[in-house]
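Please read the structure below before turning to the comments.
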Amino acid sequence: EDLDALTDLASMVERELAGFQMATTDELTKISNRRGFSMVAKFSLNFCVRQKLPATLIFLDLDKFKSINDTFGHAEGDRALIVFAEHMKDTFRNSDVFARLGGDEFVVLLTNTSNDMAKLVLEKFTHSIEKLNHQSNRGYQILFSCGVVEFQPKEHESIDALLAEGDSLMYQAKAANMVDPA
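Given below as structure tokens:
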């Protein structure tokens, strides 16, 4: 009876963990989704506040993504999203929190990283994407605009406030580069 009870309990725990993972992971790109990002980022920012460490958020949005879907089909658009996420995994540190928020919007929270350091990491990521574009023969390039914002505990009382500022800065960058926001 005890063995059966333990087996049932283990099965329940496995189902709960699988459900949690499904609820916090983007099915397409296999990185965190908005819910997963918010949960982990909240803990990361609390740690930074306690330890008096800097943190910087990079809000990324693919440029001309609609034209990829319209010209090459949604399967190719999905492939572009997957490739972008894979380059995020390869470029950013394991300690960084990154996610696909939805659609063609991605975000990275770099802990123990100032705004200037984040811009250097972003340059590395940009070069990685440029190299991919140069080597690939897809008929389109993966392009993105971004907003970079350093976490200020008194200004950003929640992860949503930090995301909103990053989103706003990203749209300013799109406007400066005259990229259609669609």
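In the working numbering, the protein residues as written are 2 to 183.
The beta-carbon is built from N, C-alpha and C at its ideal position, and this holds for glycine as well.
Going by DSSP, what residue range makes up the beta strand (DSSP E) through Ile-59? 56-64 is the span of the beta strand (DSSP E), which, as asked, contains Ile-59.
Tell me which residues share the same chain as Ala-165 and place their Cβ nearer than 8 Å to its Cβ, disregarding the 5 neighbours each side in the sequence. Nothing listed; no residue qualifies.
For Val-50, count the other beta carbons within 10 Å of its own beta carbon; 16 or more makes it buried, fewer makes it exposed. Which is it? With fewer than 16 other Cβ atoms within 10 Å, it is exposed.
Counting Cβ pairs closer than 8 Å, one from the region 63-72 and one from the region 117-132, do we hit at least three? No: fewer than three Cβ pairs fall under 8 Å.
Is the Cβ-Cβ distance between Ile-160 and Ser-33 less than 8 Å? The Cβ atoms of Ile-160 and Ser-33 lie no closer than 8 Å to each other.
For Met-179, does the count of other Cβ atoms within 10 angstroms reach 16, so buried, or fall short, so exposed? The residue in question, Met-179, is exposed, as its Cβ has fewer than 16 Cβ neighbours within 10 Å.
Mind checking Asp-105: buried by the 16 CB within 10 Å criterion, or exposed? Classification for Asp-105: buried.
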